[in-house]
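Quick note: the sequence shown uses the working numbering, first residue 1, plus one each step. First up is the structure itself, then whatever we jot down about it.
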Amino acid sequence: MHEATVSQPAMEKVYLAVGNDEKQCRFFLLWAKDFIPQQKPLVVLHIYRPATTIPHVGLGGPMVASMLREDLVHEYRKNERNKIKNSLKKCLQNCKVQAKMLIIDKHDVAPAILELINKLKITTLVLGAKNRHDWKSKTAITLEKQADPSCNILYLHEGSLISSRHQRVDVCTARKNEMSSLGGCHFSGSSNTTTSKSFSFFNSRSTANTFDAEQLDDPSLEINPTHIFSDNRFNAIIGLKSIGTFKELVSRRISAESSRDLYQEFHSKYCDILSRCDFVDGFDSVLGLDCQNLGKAHWKYMRSWPAVLEYIVSIINTFHVQLKQKHLSCDGFIHEDLLEAAREPLTRLFTVASAVCAHEIRKSPEKLFCILNMYTSLADATPTLRNVFHTESIGRDAEGLLSKLKDSAREIVKEAKILIQTYSSQIAVQDGGGITSLTGYLMRYLRLLVKHRSSLDTILGHGHSDDLLTVEGVNSTCCLVFGLIADLDTVLEKQSKLLSSKELQCLFLMNNTHFILQEIKQSDVRLIVGSRWIGKRRYCIKEYMKDYISAAWGPVTLNLLATKSISPSKRLRTNVLNFLSAGPTPLQNFTWSFNETCNTQMCWKVPCPVLRKELRLKIMEFVTPVYHAHLESLKQSGRGTAADFKLGLKSKINELFEG
Numbered sequence: 001m002h003e004a005t006v007s008q009p010a011m012e013k014v015y016l017a018v019g020n021d022e023k024q025c026r027f028f029l030l031w032a033k034d035f036i037p038q039q040k041p042l043v044v045l046h047i048y049r050p051a052t053t054i055p056h057v058g059l060g061g062p063m064v065a066s067m068l069r070e071d072l073v074h075e076y077r078k079n080e081r082n083k084i085k086n087s088l089k090k091c092l093q094n095c096k097v098q099a100k101m102l103i104i105d106k107h108d109v110a111p112a113i114l115e116l117i118n119k120l121k122i123t124t125l126v127l128g129a130k131n132r133h134d135w136k137s138k139t140a141i142t143l144e145k146q147a148d149p150s151c152n153i154l155y156l157h158e159g160s161l162i163s164s165r166h167q168r169v170d171v172c173t174a175r176k177n178e179m180s181s182l183g184g185c186h187f188s189g190s191s192n193t194t195t196s197k198s199f200s201f202f203n204s205r206s207t208a209n210t211f212d213a214e215q216l217d218d219p220s221l222e223i224n225p226t227h228i229f230s231d232n233r234f235n236a237i238i239g240l241k242s243i244g245t246f247k248e249l250v251s252r253r254i255s256a257e258s259s260r261d262l263y264q265e266f267h268s269k270y271c272d273i274l275s276r277c278d279f280v281d282g283f284d285s286v287l288g289l290d291c292q293n294l295g296k297a298h299w300k301y302m303r304s305w306p307a308v309l310e311y312i313v314s315i316i317n318t319f320h321v322q323l324k325q326k327h328l329s330c331d332g333f334i335h336e337d338l339l340e341a342a343r344e345p346l347t348r349l350f351t352v353a354s355a356v357c358a359h360e361i362r363k364s365p366e367k368l369f370c371i372l373n374m375y376t377s378l379a380d381a382t383p384t385l386r387n388v389f390h391t392e393s394i395g396r397d398a399e400g401l402l403s404k405l406k407d408s409a410r411e412i413v414k415e416a417k418i419l420i421q422t423y424s425s426q427i428a429v430q431d432g433g434g435i436t437s438l439t440g441y442l443m444r445y446l447r448l449l450v451k452h453r454s455s456l457d458t459i460l461g462h463g464h465s466d467d468l469l470t471v472e473g474v475n476s477t478c479c480l481v482f483g484l485i486a487d488l489d490t491v492l493e494k495q496s497k498l499l500s501s502k503e504l505q506c507l508f509l510m511n512n513t514h515f516i517l518q519e520i521k522q523s524d525v526r527l528i529v530g531s532r533w534i535g536k537r538r539y540c541i542k543e544y545m546k547d548y549i550s551a552a553w554g555p556v557t558l559n560l561l562a563t564k565s566i567s568p569s570k571r572l573r574t575n576v577l578n579f580l581s582a583g584p585t586p587l588q589n590f591t592w593s594f595n596e597t598c599n600t601q602m603c604w605k606v607p608c609p610v611l612r613k614e615l616r617l618k619i620m621e622f623v624t625p626v627y628h629a630h631l632e633s634l635k636q637s638g639r640g641t642a643a644d645f646k647l648g649l650k651s652k653i654n655e656l657f658e659g
């Protein structure tokens with residue numbers, strides 16, 4: 001939890017309303033850890049809706065609670081409540097967040113929360129939103145209409161603030177201003193200065209008819225120019241000892257208004273980095289790297305490096321312009337003073353960045369995006385540094401660091417390709433033909449590569465002639481994307497060979513190819529691969545499906561197809577012999593083989609519902625005509641029998657591929 005935030009009255013608590021989803025609870029807590037001031041007590045609120053049906057082992061199914069003994073119902077609900085309580089405790093421990101828990105037993109969520117708002121005088125309530133672009137739900141609409149006006153309601157989607165009751169903002173604005181808004185700075189959602197309010201946590205209880213004097217105690221009304229130096233993300237990069245002179249300079253010569261604007265820019269930059277670069281968490285373990293030696297905490301702070309650099313450079317640029325204009329605030333302050341104040345923090349920044357570029361530090365593929373953000377920020381700052389430090393070594397150091405960052409990025413890309421090409425995991429092929437972890441992570445990785453396309457093209461295509469990323473007529477990012485997809489295809493082909501049967505191999509390749517296609521179609525990667533590549537992938541999926549049906553269901557229908565080629569007289573003789581020897585008929589063999597195939601594939605998986613439905617339909621279309629033809633050859637009335645078959649065995653086929 002960062003320290004550069006605004007305090008409020010000690011008793012004013014923030015209530016996080018969470019459901020049964022542990023993932024949502026974790027998002028809430030991590031968001032609160034980053035954005036809620038330390039002085040504000042947290043309360044995790046859960047509305048437990050007592051179960052109306054109770055599982056009953058003796059009766060073989062769920063029973064309505066009113067039909068069971070009261071002690072059984074009470075015991076079951078108590079156990080369920082304890083499970084929720086333990087789950088919340090576990091989330092708090094894992095996220096390292098201090099908060100109280102409040103579990104309320106109510107059947108209706110909205111009335112329960114309304115009652116709590118009135119009873120506990122809740123002024124800040126955080127709710128979840130299922131849709132990133134729409135906060136509205138039945139509960140939210142009810143609370144918006146009926147909750148006390150003093151209660152501000154914030155809406156989160158997967159850990160991102162998307163809207164608030166007191167200040168409606170769209171998704172992009174919310175992301176950009178998330179930290180600055182919650183940090184106690186003026187919210188810049190409106191350009192109209194006459195209507196813009198000072199929000200601490202978007203909370204203002206003053207209205208046109210009543211004014212709360214406590215709002216005047218809001219420290220954001222008296223901005224401290226040095227509050228950024230208490231931010232743990234800033235200090236983790238620079239360290240307080242390294243910025244004594246610089247801190248004093250900022251404290252004395254930058255106005256509160258300018259300081260607030262610069263601090264907002266720092267927060268906005270940090271939020272922008274996180275939204276553009278959603279790190280591929282877990283990629284280390286997928287590729288079999290040693291996570292313990294990667295310095296996760298250090299890399300986490302390195303995400304702040306670009307924002308810290310831009311903050312310092314923006315201050316340097318502000319002072320440089322004021323010195324040239326002989327501004328009043330620079331009275332007695334000369335250019336050498338600026339150089340002296342800025343030299344140490346910049347040197348510290350460059351030293352930290354050089355350390356992570358060192359060859360002996362093992363950098364997993366996901367670290368590429370941290371390096372790219374650092375490179376982009378430094379490249380943007382270099383002209384200012386050259387202009388201000390034209391006779392100093394700082395400008396040369398910046399250019400040297402840019403070169404190191406380029407080399408580091410290329411090193412990470414090369415190592416990533418090698419790791420993918422040599423990837424081997426038995427776990428990947430033990431999931432009933434499902435999607436491998438590598439496939440899922442690499443698709444996310446490609447999305448991020450395309451987001452950083454501009455800087456990647458500069459870094460990977462500058463002054464290098466190796467064949468890693470060089471293809472005539474194709475830029476570096478495109479070449480890298482195509483290369484990684486080709487590497488993944490090779491890995492999947494090798495992985496499929498480890499599977500026990502031809503049909504499972506086809507299912508495995510079909511699933512992963514389909515997943516790759518869908519992920520690419522839904523991202524900007526499709527602009528790189530083009531429509532021709534997409535068409536080829538669709539064709540491959542159809543071929544895998546065709547090969548699967550032939551390998552899995554061909555032997556099943558063979559029992560009936562074998563009798564089709566026999567002449568009527570020979571077929572009659574065969575039937576008589578089968579009757580006398582009491583051997584199975586072709587129809588019995590078909591039924592047995594069909595059931596055996598279904599039982600074998602019952603645990604196989606097709607994760608995509610659309611693809612699963614299509615595959616089931618193809619199986620029916622493959623098997624049913626053969627069965628019809630066999631009935632016709634026996635001169636039976638095939639309508640009723642075929643209808644029974646379709647009803648009976650279609651249900652069995654519809655149970656397949658659920659995993």
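For every residue, glycine included, the Cβ atom is placed at its ideal position computed from N, Cα and C. Since we're looking at a predicted model, the values are computed, not measured.
With DSSP as the reference, please indicate the residues paired to serine 160 in a beta bridge.
Within the sequence shown, residue 160 is the residue found at index 160, counting from 1. For serine 160, which the question treats as bridged, DSSP gives the partners His157.
Spatial neighbours of valine 280 within its chain, please: CB distance less than 6 Å, with the 5 preceding and 5 following residues excluded, ordered by chain position.
Reading the sequence shown from its first residue, position 280 is the one you call residue 280. Bear in mind that a pLDDT of 49 at valine 280, under 50, signals an unreliable position, so the number given afterwards is only what the model happens to contain. Here the set comprises Glu366, Tyr441, Arg444, Tyr445.
The beta strand (DSSP E) enclosing lysine 605, as first and last residue numbers
Along the sequence shown, read from residue 1 onward, the residue named residue 605 stands at position 605. Careful: lysine 605 lies outside any beta strand (DSSP E) and carries neither H nor E.
Should histidine 390 go down as buried or exposed, given a rule of 16 or more other Cβ atoms within 10 Å for buried?
Numbered from 1 along the sequence shown, position 390 holds the residue referred to as residue 390. When all chains shown are included, histidine 390 counts as exposed.
Closest to isoleucine 141 by C-alpha separation, out of Lys121, Ser164, Gln495, would be which residue?
Mapped onto the sequence shown, residue 141 falls at position 141. Ranking Lys121, Ser164, Gln495 by Cα distance to isoleucine 141 puts Ser164 first.
Own chain partners of lysine 13 with C-beta closer than 6 Å, once the 5 adjacent residues on each side are dropped
Counting from 1 along the sequence shown, the entry for residue 13 is found at position 13. Contacts found: Pro41, Val43.
Taking DSSP's pairing of strands, which residues face aspartate 105 in a bridge?
Along the sequence shown, one-based indexing puts residue 105 at 105. In the DSSP output, where bridge partners are listed per residue, aspartate 105 has Tyr48.
Leaving out the 5 sequence neighbours to the left and right, which residues in its chain are closer than 7 Å to methionine 302 when beta-carbon positions are compared?
The sequence position of residue 302 within the sequence shown is 302, counting from 1. Here the set comprises Val356, Cys370.
Length of the line joining the Cα atoms of arginine 233 and lysine 100:
Locating residue 233 in the sequence shown gives position 233, where the first residue counts as 1. Locating residue 100 in the sequence shown gives position 100, where the first residue counts as 1. Approximately 26 Å, taken between the alpha carbons.
Provide the residue span of the beta strand (DSSP E) that contains leucine 16, from first to last.
As a position in the sequence shown, residue 16 is number 16, starting the count at 1. Residues 14–17.
I'd like the ranges of any alpha helix (DSSP H) spanning at least 4 consecutive residues and lying wholly in the region 340–408.
368–388
Spatial neighbours of serine 87 within its chain, please: CB distance less than 7 Å, with the 5 preceding and 5 following residues excluded, ordered by chain position.
Within the sequence shown, numbered from 1, the residue matching residue 87 stands at position 87. The residues are Glu22.
DSSP puts threonine 53 in a beta bridge; with which residues?
Counting from one through the sequence shown, the residue named residue 53 turns up at place 53. Answer by DSSP bridge pairing, in chain order: Val64.
Rounded straight-line distance, which links the Cα of alanine 236 to that of arginine 386:
Looking up residue 386 in the sequence shown gives position 386. Looking up residue 236 in the sequence shown gives position 236. Taking the straight line from one Cα to the other gives about 26 Å.
Arginine 81 lies in the alpha helix (DSSP H); which residues open and close that run?
The count along the sequence shown starts at 1 and reaches residue 81 at position 81. From DSSP, the alpha helix (DSSP H) with arginine 81 extends over 70–95.
Assuming the contact rule is C-beta atoms closer than 8 Å, tyrosine 155 and leucine 116 should be a hit. Round their C-beta distance to whole Å, please.
On the sequence shown, residue 155 is found 155 positions in, with the first residue counted as 1. On the sequence shown, residue 116 is found 116 positions in, with the first residue counted as 1. Not really, about 18 Å apart at Cβ, beyond 8 Å.
Check this for me: beta carbons of valine 556 and threonine 513, under 8 Å apart or not?
If you number the sequence shown from 1, residue 556 lands on position 556. If you number the sequence shown from 1, residue 513 lands on position 513. No; because the gap between Cβ atoms is not below 8 Å, this pair is not in contact.
Which residues mark the beginning and the end of the alpha helix (DSSP H) in which alanine 307 is found?
Within the sequence shown, numbered from 1, the residue matching residue 307 stands at position 307. Here the alpha helix (DSSP H) through alanine 307 covers 305–325.
What is the DSSP secondary structure of threonine 124, reduced to helix, strand or coil?
To locate residue 124, count along the sequence shown from 1; it is residue 124. Here threonine 124 sits in strand by DSSP.
Apart from the five residues on each side of it in sequence, which residues of its chain come closer than 7 Å, Cβ to Cβ, to isoleucine 394?
Translated into the one-based positions of the sequence shown, residue 394 becomes position 394. Closer than 7 Å at Cβ, skipping near neighbours: Arg343, Leu346, Leu385.
I need the DSSP call for lysine 536, collapsed to helix, strand or coil.
Counted from its first residue, the sequence shown places residue 536 at position 536. Three-state DSSP puts lysine 536 in a helix.
How about aspartate 661 and threonine 436: are their beta carbons less than 8 Å apart?
Any answer about residue 661 is impossible in this case: the structure gives the chain only from 1 up to 659.
Between the Cα of leucine 480 and the Cα atoms of Lys494, Ser496, Glu493, Leu460, which residue gives the shortest distance?
Counting from 1 along the sequence shown, the entry for residue 480 is found at position 480. It is Leu460.
Under the rule that 16 or more other beta-carbon atoms within 10 Å means buried, what is arginine 410, buried or exposed?
As a first step, residue 410 is located in the sequence shown; it is residue number 410 there, counting from the start. Arginine 410 comes out buried.
Determine which residues share a DSSP beta bridge with leucine 42 and list them.
Taking the sequence shown and counting its residues from 1, the one referred to as residue 42 is at position 42. The partner list for leucine 42 (beta bridge, DSSP) reads Val14.
Among Ile54, Leu102, Asn94, Lys497, which one has its Cα closest to the Cα of glutamate 80?
Stepping through the sequence shown from its first residue, residue 80 is reached at position 80. With distances taken between Cα atoms, glutamate 80 lies closest to Ile54.
Would you kindly check if the distance between the Cβ of tryptophan 305 and the Cβ of alanine 353 is under 8 Å?
Here residue 353 corresponds to residue number 353 of the sequence shown, with the count starting at 1. Here residue 305 corresponds to residue number 305 of the sequence shown, with the count starting at 1. The answer is yes: Cβ separation under 8 Å.
Cβ neighbours of serine 593 in the same chain (closer than 7 Å, five flanking residues each side left out):
In the sequence shown, the residue the question calls residue 593 occupies position 593. Within the same chain, serine 593 has close Cβ partners Pro555, Val556, Asn559.
Can you tell me whether DSSP reads asparagine 589 as helix, strand or coil?
In the sequence shown, counting from the first residue as 1, residue 589 sits at position 589. Helix, per DSSP.
Close Cβ partners of leucine 561 (< 8 Å) along its chain, the five nearest in sequence each way excluded
Along the sequence shown, one-based indexing puts residue 561 at 561. Correct list, in chain order: Val626.
When you compare each of Lys605, Tyr375, Cys151 to leucine 509 by their alpha carbons, which one comes out closest?
Position 509 of the sequence shown, counted from the start, is the residue given in the question as residue 509. Closest by alpha carbon: Lys605.
How about isoleucine 243 and valine 308: do their beta carbons lie closer than 8 Å?
Here residue 243 refers to the residue found at position 243 when the sequence shown is read from its first residue. Here residue 308 refers to the residue found at position 308 when the sequence shown is read from its first residue. No, Cβ-Cβ distance for isoleucine 243 and valine 308 is not below 8 Å.
For leucine 617, the first and last residue of its enclosing alpha helix (DSSP H):
What you label residue 617 is simply residue 617 of the sequence shown in a count that begins at 1. Unbroken alpha helix (DSSP H) run through leucine 617: 609–633.
Indicate whether alanine 552 and glutamate 632 have their beta-carbon atoms separated by less than 8 Å.
Translated into positions along the sequence shown, residue 552 becomes position 552. Translated into positions along the sequence shown, residue 632 becomes position 632. No, they are not a contact pair.
Selection from Lys497, Glu310, Glu493 that minimises the alpha carbon distance to aspartate 380:
Here residue 380 corresponds to residue number 380 of the sequence shown, with the count starting at 1. Comparing Cα-Cα distances from aspartate 380 to each of Lys497, Glu310, Glu493, the minimum goes to Glu310.
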